[in-house]
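Asker:
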Amino acid sequence: MPSVQDVGGYVNEIFASLFDVEASFLPCPNYMESQRDVNGRMRAILIDWLVEVHMKYKLRLETLFLTVNLIDRFLTRSAVTRNRLQLVGAVAMFIASKFEDIASPEVADFVYIADSAFNREDFLEMECEMLSALDYQIGVPTPVHFFDHMQRLNGCDRVQRQFVQYLLELTLLDLRMIRYTSSLLCSAALMLSNELLGRIRAWPELMVQQTGHTGPELRLCCEELRVLLNGAEAHSLQAVRKKFLLSFRWNFDS
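Just so we're aligned: 110 in the working numbering is position 109 of the sequence shown, and the numbers increase by one with no gaps anywhere.
1. Quick one: measure Cβ to Cβ for F75 and V89, integer angstroms, because I've assumed they're closer than 8 Å.
2. To the nearest angstrom, report how far apart L207 and L154 are at their CA atoms.
3. Determine, using beta carbons only, whether T182 and E23 come nearer to each other than 7 Å.
4. Are there 16 or more other CB atoms within 10 angstroms of the CB of D73, so buried, or fewer, so exposed?
5. What three-state label does DSSP hand F95 in the structure shown?
6. Quick check on the DSSP output: what are the complete alpha helix (DSSP H) runs of length 4 or more inside the stretch 107-174, in order along the chain?
7. Return helix, strand or coil for D102, following the three-state DSSP convention.
8. Just checking my contact of A240 with V92 at CB under 8 Å: how many whole Å lie between their CB atoms?
9. The alpha helix (DSSP H) with D73 in it runs from where to where?
10. Check for me: the alpha helix (DSSP H) holding G213 runs from which residue to which?
11. Which ranges does the alpha helix (DSSP H) cover as unbroken runs of at least 4 residues, wholly within the stretch 16-60, from first to last along the chain?
12. Within a Cβ cutoff of 8 Å, which residues of the same chain sit near R78, ignoring the five residues on either side of it in sequence?
13. Secondary structure at L238, three-state DSSP: helix, strand or coil?
14. State buried or exposed for C157, treating a residue as buried only when at least 16 other CB atoms are found within 10 Å of its CB.
15. By Cβ distance below 6 Å, which residues in the same chain neighbour F119 in space, the five residues on each side in sequence not counted?
Listed below in structure tokens is the structure:
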């Protein structure tokens with residue numbers, strides 16, 4: 002999806018459209034109950050691996066969030082076996098990268114990085130199956146599409162911006178967070194960051210007006226984000242945390 006900075010005169014219309022359609026592209030929040038051979042833990046392991054793949058190929062942030070959306074929406078509609086879950090994730094990232102990145106990895110790259118757990122034919126067959134199951138609806142709002150505009154309105158500096166991005170990426174591994182719309186997740190992450198940074202007003206009226214989300218409406222999501230943040234260090238899956246530790250070290254050393 003194009004960046005709003007490229008079409009500044011249409012910012013209000015673009016965001017009105019994103020707010021209007023975002024709920025239409027949410028996966029079913031309890032879809033895992035209909036999956037017989039995979040569970041939330043397997044999904045989290047898959048996404049942890051995909052974060053590493055995303056870093057290796059230096060893909061856009063939009064690609065990572067779209068990948069997870071495609072996975073969850075596909076699993077909402079299609080039952081998969083555990084030995085095909087990695088294939089589902091790789092294909093989702095392939096589709097997302099073709100949609101969001103200028104130079105996306107090739108099929109052979111995904112076959113290689115998965116240690117040949119599947120072959121080219123398996124991959125292309127799954128791509129067709131996924132696109133068909135999703136009715137080719139790929140251009141969907143994710144938290145990234147709200148993030149840049151909202152963080153500017155919130156007056157974030159570089160450190161706060163990275164912190165909010167970290168919070169948002171932590172949500173990717175937690176299946177419970179898929180019940181929230183993208184704009185609400187982004188708003189809650191910003192509100193929590195304001196609270197932790199000691200701002201006088203954690204959620205000022207300007208943000209209420211621009212996001213359509215009030216402080217009380219965001220409170221439950223904020224507290225769930227706080228739990229994810231506090232548990233990140235001890236979590237068994239560390240790809241997101243390692244990514245941001247490296248990022249902060251590079252920024253402060255350079």
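Ideal Cβ placement from N, Cα and C applies to all residues, glycine included.
Answerer: Inspection of the coordinates gives the following:
1. Taking the sequence shown and counting its residues from 1, the one referred to as residue 75 is at position 74. Taking the sequence shown and counting its residues from 1, the one referred to as residue 89 is at position 88. Yes, they are in contact, since the Cβ atoms of F75 and V89 sit about 6 Å apart, within 8 Å.
2. By 1-based counting over the sequence shown, the position of residue 207 is 206. By 1-based counting over the sequence shown, the position of residue 154 is 153. Each residue's Cα considered, the two are about 8 Å apart.
3. Your numbering for residue 182 matches position 181 in the sequence shown. Your numbering for residue 23 matches position 22 in the sequence shown. Yes.
4. In the sequence shown, the residue the question calls residue 73 occupies position 72. Answer is buried; the Cβ neighbour count reaches 16.
5. Translated into positions along the sequence shown, residue 95 becomes position 94. In this structure, F95 counts as helix in the three-state DSSP scheme.
6. 108-114, 121-134, 144-155 and 159-172
7. Your numbering for residue 102 matches position 101 in the sequence shown. The answer is coil: DSSP assigns D102 none of H, G, I, E or B.
8. Mapped onto the sequence shown, residue 240 falls at position 239. Mapped onto the sequence shown, residue 92 falls at position 91. A240 to V92, Cβ: 19 Å. No contact.
9. Against the sequence shown, residue 73 aligns to sequence position 72. L62 to R78 is the extent of the alpha helix (DSSP H) around D73.
10. Along the sequence shown, read from residue 1 onward, the residue named residue 213 stands at position 212. Here G213 belongs to no alpha helix (DSSP H), and DSSP marks it neither H nor E.
11. 41-57
12. Residue mapping note: residue 78 aligns to position 77 of the sequence shown, counting from 1. Closer than 8 Å at Cβ, skipping near neighbours: A134 and L135.
13. Translated into positions along the sequence shown, residue 238 becomes position 237. Coil.
14. Position 156 of the sequence shown, counted from the first residue, corresponds to residue 157. Buried, by the Cβ-count rule.
15. Along the sequence shown, read from residue 1 onward, the residue named residue 119 stands at position 118. L88.
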